[in-house]
Structures are given as C-alpha cells and as structure tokens.
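A short write-up of the structure that comes next.
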Amino acid sequence: MTPGRAGGHLTLALSIGVSTGAAEDWPHWRGPAANGVSAETNLPTTWTDTENIAWRAELRGAGVSSPIVLGDRVFVTSQLGRGPRQRGPRLVQSGSPGDAGELPLGASDSTGRLSFLVTAIDRDTGRQVWEYELVAEGALQSFHEKHNLASSSPVTDGERVYAWFGTGQLIALDTGGELVWERHLGEEYAPFTINWGHGSSPVVYGDTLILLCYHERASYLLGLDAVTGEVRWKVDRGRGVISYSTPLVVETGESAEIIVNSSEGISGHDPATGGLLWRVAEDNRFPIPMPVVHDGVIYASRGYRSGPFMALRPGGRGDVTDSHVMWRVGTGAPYISSLVYDDGLVYMIGDVGILTVTDAGTGERVWQERLGGVFSASPVAADGKIYLLSEGGETIVLAAGRQPRVIARNDLDVRQLASPAISGGRLFIRSDSVLFAIGQ
C-alpha cells in the first residue's frame, strides 16, 4: 500500500456535507442491490435537451463509467487526456455504425499528460463540490475507441469512495475528497492487459473491497481491507482467464458467495477467502454482463454476440451444471448490457435494439419487440417502468409488464454508454463529458 502518492491532488469547490435524506442512495453502478432496480416512485418519464432537466454539469474529463449517489452528492470518474486507442468491432454489423448512433468516445483536452478524475457534484444543484486528480502511472494499454481507461464505475460504502482505473491504479477517498489509501495493481502484480481494455468495477461487501482482475497476463480475484487497502486474500487463476464483468455478491442464508462471469463460465467464490466453491463451465470469448439475483435465484447472461443466458441457484459445490442450473437458453442475450428483473420477468436489450422479455421462472419468451437504436448501457427498473438508454442519446421508457407498451421516447443530443443512476426522484445520466439530472 502506498498512502499519499505525489500524483494525486484535490480541488475543493464548495464545502457541503453529505446528508442522509429520504432519497435512496445509488452506491453501485447497478444500484442499492446491484441489480439495476430502484424502489423510488414519481420518476420522470419525458424530457428533452431543454425540458425537465434539473441541471447539467460539464465534466472536465471524458468517460463511460456510471455515476453513483451518496447522500447529497453524485460521484463520477473520468479520464483527462488521450490514451492509446484502437479501432475495434462494432455492434452494428451492416450499414454505417455512425449513422446508427454508434460513435467513438470523445477525448478531453490535455496538457500532454494523462490523468484520472473523481468528481463530486451536489445532487440538488449540479455544482462541483470537489475533484480529485490522479496522474496515470505505468504502461498505458490501448483500449477500444468507444471507451477509455476510466470505464470502471466507482463504488461507495457510505464512508469512502473507491475508484479503479485501467492502468490498475486504485484509490480510496473519504467523502470530502481526501485520499485514504492507494494501490497500483498494475505495478504490484502484472500490467492490466486485456483485449479491449479493463472494464470490471469494484464491489464492496462488508469491509472487503472485491476486485476481479482476470486479464491475459495474470488472472486473479482480490480481496482488500476496505479501510486500509491491505490484502486480505488473493486467488490466482493463471494466465488467459479473462473477464470484463463485475462480480456480484449473493447472500445464501447464513453465508454469501461472489458470483463471477468469466471466459471459463459462471462460478461462485467464498467472500472470506476468494476460494472457488462451484462452477458452470462454458467458454465465452468476451464475458461482459454482470449477473443479477432475485429471491435466491441468479440470472446470468454470458455476453458476446447473442450469447446464452440462464437461471441458477447458488449454494452448490463443484460442477453444478446438472444440479443447480434451473433453465438455460442458448442464444439471444446481449453482448454488453446486463439483465434486469422486475415482477417475474427478465428484460434484456439487444445490441441493435431488440428488446426481449422472458419469464423468470422458465426462461420462455413472453414478448419481443424491435425498438431500434444501439445499446451498451444496462437497463434499470423503477416505478413500474423500464428505462433503456441508447448510445445515440435516446432513452426509451417502457411500461413494465407482459404486454409491450412504450410510454415515451426521450432524446438528448449526446452519446450515452453509461448506465443511469436513480436518486431523489431523478435520473442521473452521464454522457461522454456531461452529467444530466433528469426531473424537476
């Protein structure tokens, strides 16, 4: 652990305390339960660039990480300056991806160095509270031009904000923006080398920070003390096991399991040691989506083009393919976005705008509609609605249920890859370099 590296500095803009009002916090990129679901009501259904926008905050950097919310602050990470990008495959396979709304990430201006930003914004007003800047150190891996080295979303445990970047640099800040501890996993263990750039986000479980580092040169699952940053456990998987996904911690009665979507399959691990408990073996080239859980059932999609998805029970040991997989559908799941569960249905938005709704108990298709657009953001469910954000700036608001009904289509003149956050009756939508608060 290296506290107080010289590369980081804090810029204070206002002095505002973190409050704990009636609004629901959104501490993880997939919400309070890491499943994309909010219990809030009276959320906005319609907006434009000029209507029903509470505020918009210009960000000094660019990125595709999702915002999180704690009390009266919204936190977001960005990259300042350009890094080594590479042109990669597109979700749109025919015609012009650009015409369909699939565009590369814009890059912020730079003084010649590359650095990372954690920005705290007042939830009510959109004013910047503070900003912490961390200079990028070590080798810079090239990444797909649709994202950058600030793709991991931050997470908070209510006392600290944890931010992780594609170099392997990891920082813990208190809610006032002061550095608590710092590590550089890319230098301590192995460079973060993965085909299209690191994408996994950190997870907090109790007082442990869980990090999925499944990369080409070294693959390991890591548990750190959230207070000090010291290593609690590290489980090596050798070379070549990869994942762009974020782990999910599932409570199973008196115990818990870390669920991992990797190139080898779906697996469950012990949060106390990181040790492997069970697995469903199934190869996948680009495992991206994060699993979700509801009432003790895990719903997992594997990623890659029109990949498989399944429902399974936790609590097994060894190979549980035959004993714990409740149902499995061999094709039809999205490449990038994760699933969302709502009232007995599983919703998934395909890469090029085909929405599929399946019965959570059987996996059977309930309905399917072509909505149009290109989708990387994961859907969120709240207030009897499903919110679907397309890369071209459109948000489709869908009535949840067993019959298709679009409530509204809302356009912002921006590029949207980040999944939204919900808090205080508002949606927080992050474009490349602007954060919007939607709602009055």
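All residue numbers for the sequence shown refer to my numbering, where the first residue is 1063 and numbers rise by one. Beta carbons are placed, not taken as given, at the ideal position from N, Cα and C, and that holds for glycine. Values in this document were obtained by computation on a predicted structure and should not be read as measured data.
By the criterion of a C-beta distance shorter than 8 Å, Y1306 is surrounded in its chain by I1256, W1258, H1260, G1261, S1262, F1348, P1349, I1350 and G1365, once the five residues flanking it on both sides are discounted.
Here the C-alpha atom of D1413 lies approximately 14 Å from the C-alpha atom of K1208. In this structure, the CA atom of V1131 is about 25 Å from the CA atom of A1461. By a beta-carbon distance limit of 8 Å, A1422 contacts A1373. Their separation comes to about 7 Å.
According to the DSSP assignment, G1248 belongs to the alpha helix (DSSP H) that extends over L1247 to E1250. DSSP places H1386 within a helical segment (H, G or I) once states are collapsed to three. Annotated three-state conformation of W1226 is strand, per DSSP. I1398 is the residue among S1317, V1342, L1247 and I1398 whose C-alpha sits nearest the C-alpha of M1352.
Assignment of alpha helix (DSSP H) within the region 1247-1303, counting only whole runs of 4 or more residues, yields 1247-1250 in chain order. As DSSP reads the structure, A1443 sits in a beta bridge with V1099 and I1448. Residue state for T1418 is assigned as strand, using DSSP reduced to three classes.
Secondary structure in the region 1107-1145: the beta strand (DSSP E) runs of 3 residues or longer, each lying completely within the stretch, are 1115-1120, 1130-1132 and 1135-1142 in chain order.
The C-alpha of S1325 is placed about 30 Å away from the C-alpha of D1405. Relative to the Cα of N1346, the nearest Cα in the group G1327, R1135, F1437 and A1101 belongs to G1327. Residue burial is scored here from C-beta neighbours: A1101 has fewer than 16 other C-beta atoms within 10 angstroms and is therefore classed as exposed. Taking all protein chains in view, the Cβ of A1119 is crowded by 16 or more other Cβ atoms within 10 Å, so the residue is classified as buried. Only residues of its own chain outside the window of five on either side were considered, and among them P1351, M1352 and S1440 have a CB closer than 6 Å to the CB of S1400, listed in chain order. For V1436, the CB contacts under 8 Å within the same chain, skipping 5 residues up- and downstream, are L1153, V1154, P1159, A1162, G1163, E1164, D1413, V1414, G1415, S1452, E1453 and G1454 in chain order. M1388 and Y1224 have their alpha carbons spaced roughly 35 Å apart. The alpha carbon of V1354 has as its nearest neighbour, out of A1334, E1344 and P1376, the alpha carbon of P1376. Here L1338 is bridged, per DSSP, to H1331. For R1488, the three-state secondary structure derived from DSSP is strand. Sixteen is the threshold: when 16 or more other Cβ atoms of the shown chains lie within 10 Å of the Cβ of G1239, as they do, the residue is buried.
By the C-beta density criterion, V1293 is exposed, having fewer than 16 other C-beta atoms within 10 angstroms. Contact holds between the region 1333-1340 and the region 1281-1300, because three or more Cβ pairs, one in each stretch, are under 8 Å apart. Going by C-alpha positions, Q1141 is about 14 Å away from R1492. Short of 7 Å from the beta carbon of V1303, and not among the five residues preceding or following it, lie these beta carbons of its own chain, in chain order: Y1276, S1281, S1324, S1325 and E1326. Under the three-state reduction of DSSP, T1314 is assigned to strand. Look at M1352 here: in three-state DSSP terms it is coil, with no helix or strand label. Ranking L1235, D1381 and Q1203 by CA distance to the CA of P1216 puts L1235 first. With contacts defined as CB atoms closer than 8 Å, S1385 and G1378 qualify as a contacting pair. Between V1359 and W1429, the alpha-carbon positions lie close to 22 Å from each other. Within 10 angstroms of the beta-carbon of G1145 lie 16 or more other beta-carbons, which makes it buried. In the three-state reduction of the DSSP assignment, I1398 falls in the coil class, being assigned neither a helical nor a strand state.
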